[in-house]
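What follows is a short report on a single structure.
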Amino acid sequence: MIPGAESTFLAPLLGPVRQLGYVVNDLEAAIGFWTNVLRVGPFVVVEEAIGDRDFVYKGIKRDIRTSLGFCYCGDVQLELVQQINTVVSPYRDFLDDGREGLHHVAFFPDDYELCCDQLRGGGLNEVAWVAGRDGVKTNSFFGGPSGLGYMIELNAVTPERLTYYEGFKLLAQSWDGSRPIRRYKTRADYIASADCQSR
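Take the sequence shown: its letter number 142 is residue 212 in our numbering, and every next letter is one higher.
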């Protein structure tokens, strides 16, 4: 048995891994694999994932459109990303390189800004970020050394985000195999629904 963490251990800089993010060409097919073969579900699909937020990639605001599928497998969140337009983005570049699958590993640190600064100080390049209408960043994507093989994403912990993430987790814990896809236009629509049990 692997021993649990003790207070004398050096804590990871970013805390535990919270999310595995997969970029896929076909969201429906990807969800079908997870739900039918691996029996992991249900997935909440948010069809207009960016909404009114700004997505900046390589210093330029990009009008990307994505549909996202969210689920939990134990304590780890799964995010399936399908970009539905051809605008340049970290997702489109990933697919154009002939790749599909694990794109980023995400952490939800208590101090988002501090951890962003520490990653920059460690030589990682902040290649993309998402900001709300107030201009405040809520997500950052960092490129690491080539041997890492994926990006690192940091998510700022907000009350709204906690609400829908906890809702995803509760759905997974009580799933009986029915309705493997729960589809919503926006996050707000999901939060207002009966599927979001954490409200």
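Think of the CB as a built atom: it goes at the ideal place given N, C-alpha and C, for glycine as much as any other residue.
Look at the alpha carbon of Ala81 and the alpha carbon of Arg123, and state the distance between them as a whole number of angstroms. C-alpha of Ala81 to C-alpha of Arg123: approximately 33 angstroms in a straight line.
Cβ neighbours of Met71 in the same chain (closer than 7 angstroms, five flanking residues each side left out): Unreliable positioning characterises Met71 in this predicted model, as indicated by a pLDDT of 42, which lies under 50. The coordinate reading is nonetheless provided below. The answer is none, since no qualifying residue turns up.
Please return the same chain residues whose Cβ sits closer than 6 angstroms to the Cβ of Arg135, not counting the five positions on each side in sequence. Taken in chain order, the residues that qualify are Ile154 and Asn155.
Classify Gln152 as helix, strand or coil using the three-state DSSP reduction. In the structure shown, Gln152 sits in a strand (DSSP, three-state: E or B).
Which partner residues does Asn95 have in the DSSP bridge list? When beta bridges are read from the DSSP output, Asn95 appears opposite no residue.
Does the Cβ of Leu138 have 16 or more other Cβ atoms within 10 Å, making it buried, or fewer, making it exposed? Burial state of Leu138 is buried, judged by a 10 Å Cβ sphere holding 16 or more other Cβ atoms.
Beta carbon of Glu223 nearer than 7 angstroms to that of Phe211: With contacts defined as CB atoms closer than 7 angstroms, Glu223 and Phe211 qualify as a contacting pair.
Tell me the DSSP secondary structure of Ala119 in three-state form. Judged by DSSP in its simplified three-state form, Ala119 adopts coil rather than helix or strand.
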